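There are 2 protein chains.
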Amino acid sequence: MTEHLVVIGGDAAGMSAAAQARRRRGLDDLRITAFERGSFTSYSACGIPYWVGGEVAEQDALIARTPEQHRANGIDLRLRTEVIELDHAGRRVLTRELETGKEQWTGYDQLVIATGAEPVRPAHPGFDAPGVHGVHTLDEGAALIDTLHEDVRSAVVVGGGYIGVELAEAMLLRGLHVTLVHRPAEPMPTLDPDLGRLVRLGMDKLGIEVVTGAEAVEVLLGPDGRPRAVRSTVGEHPADVVVLGLGVRPRTALARAAGLTLGAHGGLLTDETMRVAGTDGVWAGGDCVEVLNLVSGAYQHVALGTHANKHGLVIGTNIGGGRASFPGVVGTAVTKVCDLEIARTGLNEREAAAAGLRWTAAVIESTAQAGYYPGATTMTVKMLAEQGTGRLLGVQIVGGAGSAKRIDVAAVALSCGLTVGQLISLDLAYAPPFSPVWDPVLVAARKVATLVGQGPS
Amino acid sequence: MTEHLVVIGGDAAGMSAAAQARRRRGLDDLRITAFERGSFTSYSACGIPYWVGGEVAEQDALIARTPEQHRANGIDLRLRTEVIELDHAGRRVLTRELETGKEQWTGYDQLVIATGAEPVRPAHPGFDAPGVHGVHTLDEGAALIDTLHEDVRSAVVVGGGYIGVELAEAMLLRGLHVTLVHRPAEPMPTLDPDLGRLVRLGMDKLGIEVVTGAEAVEVLLGPDGRPRAVRSTVGEHPADVVVLGLGVRPRTALARAAGLTLGAHGGLLTDETMRVAGTDGVWAGGDCVEVLNLVSGAYQHVALGTHANKHGLVIGTNIGGGRASFPGVVGTAVTKVCDLEIARTGLNEREAAAAGLRWTAAVIESTAQAGYYPGATTMTVKMLAEQGTGRLLGVQIVGGAGSAKRIDVAAVALSCGLTVGQLISLDLAYAPPFSPVWDPVLVAARKVATLVGQGPS
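Residue numbers (this note's numbering), protein chains in the order written: chain P, 1 to 457; chain B, 1001 to 1457.
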């Protein structure tokens, strides 16, 4: 008998799952229907800042796979169709076509929930005015780009995390005067403040006005009903356009209403196979789930396309009759502001404290290439090790070109539970155009290993 | 009682060991004497090609620590002094001052052998003529640079391994017509030929004449006694200057004469603490030792400054009363020819066969950044996995800017014995300027995992 797989959400996790299941099971064996509320499928939300900044010229470049391609692949894809109710016991979903309002129940044997995340938008006055933009979807990106006329000269970016700093860069590349308004003391709050400070200094140099310790509380509107300034707890900041970079939260109202278990961060909880806890045949992945942090042992919410794609692969493989699992994350993230690269993985000091760990930290400065190599860029590495065991807990990097991707060494080491002593002995690639003779990650390992009383091993 | 540490060789391994021991033990506790045959200490031999190419302007830039700095650090450093005999039973060394010819015995309690490596120079006719250059030492680099006058228009580089391709780049940057003469079928013989072919194509594009399957058998001299061409087994190649990039072998004649055990590649054999097998208080490190390859389980000779520095740290820590070990290597190496980056780690197909393993290989093409990101460069990744277990065996990379350092992910994974299924799940840094949503290393892992029947895990 043909099984019916229903997918809610047509972006990375959902359509990766659908495509992988399709690859493994024929049309006679598995029917696949996917519902997507928007007009696009399988696009790179992470690429939107670069499109807004003008570095990526075409919206189409961000689309990995079009609706037509999915349909040609044997997936019954319904765009502009929202799933408004999930009847978990009855194994069916209620959909509404956005154009016609037509509602309809569809039964399923297997269900993939990939409803993604929704941007945080404060309820403060003016934040819902035209000219105040989120950039979570292609439609939102297009709307922001449409706004950027000649008479738009200043932008306020609200929020100094990943999306915030990327949007600050984008607005700068568009030639605007940019103010970043950010609540904590330093930008990039997933870094410790000492490294966040380096990001602030880098943004200062680029001409971005970084206002920290300041909460944006109102968008002040001009007579045309469009922004003229943002009022924060420390003052007024001129803004012809306002961009929101306050992060996202899991979009799980549907799942919550259906009685599925959510975690402390509002995301769905799954086992390693990405099956929703306590269900049979219900899977979830991407920005709507919580993931296990392998370093802290706690669940967290990480909205990243790379995890969403992995979840989709795992779900599709398992639905397709194979065996696959997603063990968790170590908290790796990377971004840049113009030439300043920023990366982190594992736990920062705040997170280590929250996990009840005792740690020692070390900070080193080095260069991404041999110091004498032309154009060698400086980089700062902060490393945390557990006291007693010497286990690597986390790494943060801020530096010039060639710095950030080095975080991957720490990411793999964290996955494997290496100590900082073991880190020192790693056989990392060395040649003067690529690294000093001691890779900066190893320099940091040497320093923190000495502090925790470990030699190379 | 004050112990006496004697160090033979004043470059990376020897002086790192001396400096680390000095840091841990005071002048009253440990006397340190270091003998160096040449005039320099602690310099970056790996940087010489970039100095020859003109990218690094000053010889001094390559010197990490001068003789004066070492002496100020409490190390009795004797330059231009060669150790000509090692009396292992009598715990003493016989030295000869190169200027005066004066010979003298010096006793030791602890001995560090860090005699380095010597370049392979064929005994064929003409190879000892002026104008035929090795580039293993600063003196040799300076001699080559002195040769590069206006009337020098063509260079033949003999040997297409790491040093050979780096010197080809250097000669190109000097404006010379460059011919690379190389015996195997493709350059970079530590890559498999299918990846080596990509290097050849890249060098072709740069205007380097790559002559493979050809052994250089004679340097033909002009009436001035200087090179005019190189004769190979396939023809004559014009050469106003000839540069040798045929690799190096351990410089261990002294150790051999002293009856110390050498390995199959002519290098000293040590345990994990870098103590020479079968001795008490004799240590060795750097280019004169063989190292354990953790993937194959066999010893090999790898002349790389990064290993030499690690050996020195381990030796100095152990002599200094600490505990340190060097577990081995996984065979990581990286280089570039202009914009073409090249890296490898673990075992290639030839090495896997020699190790008696059964493997499956996959080759993928991807981009180093998101495909839509401006300036995204293509890269090719080849990955080998063990049949049955799915254990990662090796990775090779050839590609544009941002490709090569990714080899470090595989290097760490090899150290930890990860399977390719586990590789797929690694939490590597993702953002469009740094990587496609699936990092190319993970794309390769997906492909080879499928071939060996493994899912993400």
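We put the CB at the ideal spot given by N, CA and C, even for glycine. Keep in mind it's a predicted model, so treat the numbers as computed, not measured.
9 Å Cβ cutoff met for residue i and residue j
i	j	result
P:R228	P:G235	no
P:K405	P:A444	no
B:G1014	B:E1036	yes
B:L1044	B:I1032	Note on residue identity: the sequence assigns Ser, not Leu, to residue 1044 of chain B. Cβ distance not < 9 Å, so B:S1044 and B:I1032 don't count as in contact.
P:L463	P:V295	The requested residue 463 of chain P does not occur in the structure, where chain P is confined to residues 1 to 457.
P:V302	P:G134	no
P:A21	P:G316	yes
P:L393	P:A352	yes
B:T1419	B:Q1396	no
B:L1428	P:T190	no
B:T1273	B:N1318	yes
B:L1347	B:G1371	no
B:S1457	P:S16	no
P:V398	P:G202	yes
P:L167	P:V52	yes
P:T179	P:H237	yes
P:P122	P:H136	no
P:R367	P:T360	It is worth fixing the name first, because residue 367 of chain P is Thr in this sequence and not Arg. Cβ distance not < 9 Å, so P:T367 and P:T360 don't count as in contact.
P:V158	P:G281	no
P:L77	P:A34	yes
B:T1218	B:G1285	At residue 1218 of chain B the sequence reads Glu, which differs from the Thr that was named. It is not a contact, given that the beta carbons lie outside the stated cut-off.
Enclosing alpha helix (DSSP H) for residue i [first to last residue]
i	result
P:H301	Unbroken run through P:H301: none, as it is neither H nor E.
P:M203	P193 to L206
P:W438	No alpha helix (DSSP H) holds P:W438; DSSP gives it neither H nor E.
P:E349	E349 to A354
P:T147	L138 to T147
Supposed contact pair residue j and residue i - C-beta distance, whole angstroms, cut 8 Å
i	j	result
P:V165	P:A214	About 16 Å; that fails the 8 Å criterion.
P:V452	P:A385	5 Å
P:A117	P:V248	4 Å
P:G9	P:A114	4 Å
B:P1432	P:G161	That pair is no contact at about 17 Å.
P:L426	B:A1411	6 Å
P:E3	P:D109	4 Å
B:R1091	B:G1107	6 Å
Residue span of the beta strand (DSSP E) that contains residue i, given as start and end
i	result
P:Q110	Q110 to I113
B:M1274	Run containing B:M1274: none; DSSP gives neither H nor E here.
B:Q1385	The residue you asked about is not Gln; residue 1385 of chain B is Ala in the sequence shown. Looking at the DSSP string, the run of the beta strand (DSSP E) that includes B:A1385 is T1378 to E1386.
B:Q1020	B:Q1020 -> not in any beta strand (DSSP E); alpha helix (DSSP H) instead, spanning A1012 to R1024.
P:D76	D76 to R78
B:I1397	L1392 to G1399
P:G164	Careful: P:G164 lies outside any beta strand (DSSP E), inside the alpha helix (DSSP H) at Y162 to L173.
B:S1403	Run containing B:S1403: none; DSSP gives neither H nor E here.
Residue environment, residue i, which counts as buried when at least 16 other CB atoms sit within 10 Å
i	result
B:D1287	buried
P:S154	buried
P:G278	exposed
P:A89	exposed
B:G1388	exposed
B:H1149	exposed
B:Q1369	buried
P:S39	exposed
P:M1	exposed
P:W283	buried
B:G1196	buried
P:A253	exposed
P:L27	exposed
B:T1233	exposed
Using a Cβ-Cβ cut-off of less than 9 Å, list which residues of the segment 1265 to 1289 of chain B approach chain P; keep chain order.
From the segment 1265 to 1289 of chain B, only E1272 have a Cβ closer than 9 Å to chain P.
What residues from the segment 431 to 453 of chain P come within 7 Å of chain B, judged by C-beta to C-beta, listed N to C?
A431, P432, P433, F434, V437 and W438
Please name the residues in the segment 1042 to 1062 of chain B whose beta-carbon is closer than 7 Å to at least one beta-carbon of chain P, in chain order.
S1044, C1046, G1047, Y1050, E1055, V1056, A1061 and L1062
Would you list, in chain order, the members of the segment 124 to 137 of chain P that have their beta-carbon closer than 7 Å to a beta-carbon of chain B?
none
Where the segment 294 to 322 of chain P meets chain B: residues whose CB sits under 7 Å from a CB there:
Near chain B, meaning a CB-to-CB distance below 7 Å, the residues of the segment 294 to 322 of chain P are L304, G305, T306, N309, K310, L313, V314, T317 and G322.
Cβ-based contacts, 7 Å cut-off: residues of the segment 16 to 45 of chain P near chain B
Residues are counted here when their Cβ sits less than 7 Å from a Cβ of chain B; for the segment 16 to 45 of chain P these are S44, given in chain order.
Tell me which residues of the segment 369 to 383 of chain P have at least one Cβ-Cβ distance to chain B shorter than 7 Å, keeping chain order.
A370, Y372, Y373 and P374
Using a beta-carbon distance cut-off of less than 8 Å, what residues from the segment 1399 to 1413 of chain B approach chain P?
G1402, A1404, K1405, R1406, I1407, D1408, V1409, A1411, V1412 and A1413
The segment 320 to 339 of chain P: which residues have C-beta closer than 9 Å to a C-beta of chain B, in chain order?
So the list reads G322, R323, A324, S325, F326, P327, G328, V329, V330, G331, T332, A333, V334, T335 and K336, given in the order they occur along the chain.
Which residues, in order along the segment 1165 to 1188 of chain B, keep a beta-carbon less than 9 Å from a beta-carbon of chain P?
E1166
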